[in-house]
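Presented below is the structure to which this report refers.
Residue numbers (our numbering), protein chains in the order written: chain Y, 399 to 538; chain W, 3 to 225.
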């Protein structure tokens, strides 16, 4: 019985491991703004006591693809942070551009083809696992 | 696994009636915990003890299970979608809670008067609980939706199950003739039905299931 209890405690501890945090090393995605058209932009603001700063710029490149560029970007760290384009700050309807590459540095995220940017006014840094807003940029 | 369980259960129940078995009634209260989720359950089984040495137990009973989950992923539940990653979408529930009342089946084996092992599983019942907001995730798109626990529960074969169904592999130790302690691996299905068929491809779907693996511990009283 003692052995069974010990096994259960081990299983319980194993099930409570913290989520992996977002990388913190600075990234510097290459992006040539001179060959792209700036569509919209906004400044990052933190939310829920988290700190997010920098700019969010939506560009259309010469080949027609559209990207979101995070410039001079810094963010508080957290688990499962994603970059969303969203209709509002509650992520009621959104497009997930991917996991946040790092909490620091210039980052470029490709916007899926066919996305109607007119529907998505905000860029968000969103903790998907815990449904928490870290930061927002109003790009209207 | 479930098919094997039904075969064993059918065989054991037929033997039970053929041998005029002894009867033992158990009631248990258990608490289970997993990653970001947990459950409490109250169950009662009427067991028939089989065989010359009365070591086999077959039981029928009922169980109330309350489930609590935080930030849990639910995936497309219908059998035509479940199990195929190309067909399943997700529903992320920030806060999940439901309560299920089910008829349940128990199979057990007693190695000694004090120690035994077994398996039990919910078969049929209903679930109640409040509506909750969740985020439907379809590839790189998502939206906020409302969902409520699927009302009707039924155990079927494979992914055809419906609703909230609890099951346990357990080991039980009796301190005396009345009281025992139970340690179990709990496998709990919970299910939400969204207000609208939020999934449209490859077919319309409003049911999403979570399969929780948890460790549970409980006390058992012999009645």
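Here a beta-carbon is modelled for each residue, glycine too, at the ideal position from N, C-alpha and C.
Identify the contact partners of residue i in chain Y, using a Cβ-Cβ distance below 7 angstroms as the criterion.
{"i": "residue 73 of chain W", "result": "527, 528 and 529"}
Does the CB of residue i have a neighbour CB from chain W at under 8 angstroms?
{"i": "residue 510 of chain Y", "result": "yes"}
{"i": "residue 516 of chain Y", "result": "no"}
{"i": "residue 492 of chain Y", "result": "yes"}
Excluding the 5 residues flanking residue i on each side, which residues of the same chain have their C-beta closer than 8 angstroms to its C-beta?
{"i": "residue 61 of chain W", "result": "28, 47, 48, 49, 50, 107, 108, 109, 110 and 122"}
{"i": "residue 119 of chain W", "result": "110, 111, 113, 171, 172, 173 and 174"}
{"i": "residue 483 of chain Y", "result": "466, 492, 493, 495, 509, 513, 515, 518, 520, 521 and 522"}
{"i": "residue 487 of chain Y", "result": "445, 520, 522, 531 and 534"}
Per DSSP, what are the beta-bridge partners of residue i in this structure?
{"i": "residue 95 of chain W", "result": "W:74 and W:136"}
{"i": "residue 198 of chain W", "result": "According to DSSP, which records beta bridges pairwise, residue 198 of chain W is partnered with nothing at all."}
{"i": "residue 187 of chain W", "result": "W:171 and W:217"}
{"i": "residue 57 of chain W", "result": "In DSSP, residue 57 of chain W forms no bridge with anything."}
{"i": "residue 129 of chain W", "result": "W:102"}
{"i": "residue 441 of chain Y", "result": "Y:453"}
{"i": "residue 39 of chain W", "result": "W:36 and W:71"}
{"i": "residue 192 of chain W", "result": "W:212"}
{"i": "residue 508 of chain Y", "result": "Y:465"}
Consider the Cβ of residue i: report whether some Cβ of chain Y lies at a distance smaller than 8 angstroms.
{"i": "residue 142 of chain W", "result": "yes"}
{"i": "residue 145 of chain W", "result": "yes"}
{"i": "residue 137 of chain W", "result": "yes"}
{"i": "residue 125 of chain W", "result": "no"}
{"i": "residue 96 of chain W", "result": "yes"}
Might you give, ordered along the chain, the residues of its own chain that have their beta carbon closer than 6 angstroms to the beta carbon of residue i, omitting 5 neighbours on each side?
{"i": "residue 448 of chain Y", "result": "474 and 532"}
{"i": "residue 502 of chain Y", "result": "424 and 472"}
{"i": "residue 75 of chain W", "result": "92 and 94"}
{"i": "residue 420 of chain Y", "result": "475, 479, 498 and 501"}
{"i": "residue 98 of chain W", "result": "71 and 74"}
Can you tell me whether residue i is helix, strand or coil according to DSSP?
{"i": "residue 413 of chain Y", "result": "In this prediction, residue 413 of chain Y has a pLDDT of 42, which is less than 50 and means its spatial position is unreliable; nothing more can be read from the coordinates."}
{"i": "residue 476 of chain Y", "result": "coil"}
{"i": "residue 422 of chain Y", "result": "coil"}
{"i": "residue 433 of chain Y", "result": "helix"}
{"i": "residue 407 of chain Y", "result": "The predicted model places residue 407 of chain Y with a pLDDT of 46, which falls under 50 and marks its position as unreliable, so this point remains unresolved."}
{"i": "residue 527 of chain Y", "result": "coil"}
Which same chain residues end up closer than 7 angstroms to residue i when comparing Cβ atoms and leaving out the 5 residues on each side of it in sequence?
{"i": "residue 30 of chain W", "result": "45, 184, 220, 221 and 222"}
{"i": "residue 43 of chain W", "result": "32, 65, 66, 67 and 168"}
{"i": "residue 435 of chain Y", "result": "457 and 458"}
{"i": "residue 206 of chain W", "result": "199"}
{"i": "residue 195 of chain W", "result": "149, 150, 152, 208 and 209"}
Could you tell me which chain W residues have their CB closer than 9 angstroms to the CB of residue i, listed as they occur along the chain?
{"i": "residue 489 of chain Y", "result": "137, 144, 145 and 146"}
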